[in-house]
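Before any comments, here is the structure.
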Amino acid sequence: MEDLLALLIEERKKPLTPEVRVRNFLREIGGKNGDEIEVEGFLLLRQPPNSPRDAVYYILSPISPEEMKKSSLRAYLVLRIDEASSIRGGIYSGAYVRVRGVLDAYPYGNLRLLHVLELREVPYDNHWLRYEAYSLSRKEFENLISNTIYANYETERAIIYTLLSAPTVIGVEGWGEGVTFSAFRGESERPVLALWEALKYIYSLLPPELRLVKDRWGDFNDEFLNLDFRFVRPRAELAYYVPRAKNILKRSSPVPKWAEKYFREKRAGFLSPRLVMKPEDGMATLGEAPLVITDEVAYERNRELEELTPNVIVTVMATRKKVGALNLAKMSDYRYRFERFLLRNRNEYGELFDALTLSGKIFNVGIRYKLGARLLGAMGRFEGKVTRSLINDLIGLYQEITDTWINELPDREKLRLLREYERYIENSRIAEISVRIFEDLEATSLDGAVTREEFLKALVEAGFNREHAERTLEKLLREGYVYEPFPGKLKLVRW
């Protein structure tokens, strides 16, 4: 039994600690005087003790000032910068930089010195990507989340997908890699508040560089070297945001004003539960997985997650680099399944579903189609690649989200939506159905155009016979619903 326990402990993933980084750094700068080396670290714009006056002397640390506060082991490299040193880009105290230079001994104490040949800022993400050997397996990652947050399967997965972010989707302009996760309240607000507390806990484990905050200044004090200064935290390519105060969960705008540009442009990962349930809520219309929480949610502090948070960050960074862009034009399987999803829900829920697909609503076809492609990419990052099975999972998730919104939406909201929809559609039911089918096709077309044959085929699949479909198309052309800018290509007329 003791042998088995020892084996399990040995196989357990080793945490990536600041001490690991420091020891590796010491090996990197442990060469002979005169050796040329290249190292990365955090630049501290403070002079070391007793520095000479023949050049500018600064300090390089393998760990950030924030990590130093928690580490029992530290290491510094003195940087000597003179007129022969090449400085590329702006530098500031706290910047993550790569330095190439020649090793030497510092005249005072036992510090090493580097005669700088070149110094330049590099992405903060490098701080983690250098340690890909510490990344977790898919199962280890999943277990850490499920052993911390007790929620249904879809909620746990949605949190994971938000952490992994979405790859670039060719054909979807203007968005970064950020994913918006939100969970809307059902009958009770208690599960949503419990989820918010759980997300705040995970957020608290992240290093400050990975938190989307307005103030990036920090203070540092090292009594041993008599260093006391302010610094700027470098920001990762993708940071995360969780609301700090409960009142934000009810705001019409779910983020502070200074962060709205990050939200609209998806330049951060937003994990923001909502205590309101509005089909036009920002978190609903821009959320890749706008869930409605009806089951109880709980969390507990997870010591293993706390130890392995750096490993989780390495895993996220490495996964983002391994799974690149998706091309919307080549995702025919996804487009077909998405169109079937729309048709099925129109048949089942009728005008109420149509009302939820209007501009600015949660299931607006054009936006939801693009958001679904991004979510599919995040799912692919978690699984290793995008497959047909994942497309099935995505459509299944969207179906569950649709069913829950339809069932949980208050009656007064449903009546309001239907009144809006009646004002939107003022013509016959045939024209209404035809235009909605055309809008679905147009929304999933990269150039915004639909071929005649595509439209006729979709009408036939919706229940029209071929002759009726052709007559309907001619009527739409004649009455100005659609036009034909090029032979065989159709476009919807915007009023």
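For what it's worth, the working numbering labels the leading residue of the sequence shown as 995, then goes sequentially. Here a beta-carbon is modelled for each residue, glycine too, at the ideal position from N, C-alpha and C.
query, result
"Check the DSSP bridge columns for residue 959 and list the partner residues they point to.", "Outside the shown range of the chain (995 to 1489) lies residue 959, about which nothing can therefore be said."
"So residue 1389 and residue 1335 are supposed to be a Cβ contact under 8 Å. How far apart are they, rounded?", "5 Å"
"Using only the alpha-carbon positions, how far apart do residue 1520 and residue 1372 sit?", "Since the first residue of the chain shown is 995 and the last is 1489, residue 1520 is not available in this structure."
"With the cut-off set at 7 Å, would you say residue 1165 and residue 1287 are in Cβ contact?", "no"
"Apply the 10 Å Cβ neighbour rule to residue 1078 and answer buried if 16 or more other Cβ atoms are within range, or exposed otherwise.", "exposed"
"Who pairs with residue 935 in a beta bridge, going by DSSP?", "Given that the chain is displayed from residue 995 to residue 1489, the structure contains no residue 935 and the question cannot be resolved."
"Consult DSSP for residue 1066 and reduce its assignment to one of helix, strand or coil.", "coil"
"Can you give me the Cβ contacts of residue 1255 inside the same chain, cut-off strictly under 8 Å, excluding the 5 residues immediately before and after it?", "1261"
"What residues in its chain sit with their C-beta under 7 Å from that of residue 1354, if we drop five residues either side in the sequence?", "1274, 1279"
"CB-CB under 8 Å to residue 1221, same chain, minus the five flanking residues each way: which ones, in chain order?", "1038, 1040, 1053, 1214, 1215"
"Just to confirm the assignment, what range does the alpha helix (DSSP H) spanning residue 1466 have?", "1460-1472"
"Closest to residue 1101 by C-alpha separation, out of 1244, 1013, 1044, 1424, would be which residue?", "1044"
"Among 1185, 1062, 1439, which has the Cα closest to the Cα of residue 1486?", "1439"
"Please report how far the alpha carbon of residue 1138 lies from the alpha carbon of residue 1064, in whole angstroms.", "22 Å"
"Is it buried or exposed for residue 1072, if we count other Cβ within 10 angstroms and need 16 for buried?", "buried"
"If you scan the segment 1231-1286 from start to end, which runs of the alpha helix (DSSP H) of 4 or more residues do you find wholly inside it?", "1254-1258, 1276-1279"
"In this structure, does DSSP put residue 1126 in helix, strand or coil?", "helix"
"Could you check which residue in 1075, 1116, 1107, 1080 has the C-alpha nearest to that of residue 1029?", "1107"
"Out of 1424, 1012, 1116, 1173, point me to the one whose CA is closest to residue 1151's CA.", "1173"
"Out of curiosity, what's the CA-to-CA distance linking residue 1269 and residue 1309?", "32 Å"
"Could you say which of 1463, 1031, 1093, 1129 lies nearest to residue 1011 if we only look at CA atoms?", "1129"
"Could you tell me the distance, in whole angstroms, from the CA atom of residue 1003 to the CA atom of residue 1198?", "At residue 1003 the pLDDT is 40, less than 50, meaning the model places this residue with poor confidence and gives no usable figure here."
"Just the C-alpha distance for residue 1116 and residue 1088, rounded to the nearest angstrom, thanks.", "12 Å"
"According to DSSP, is residue 1212 part of a helix, a strand, or is it coil?", "strand"
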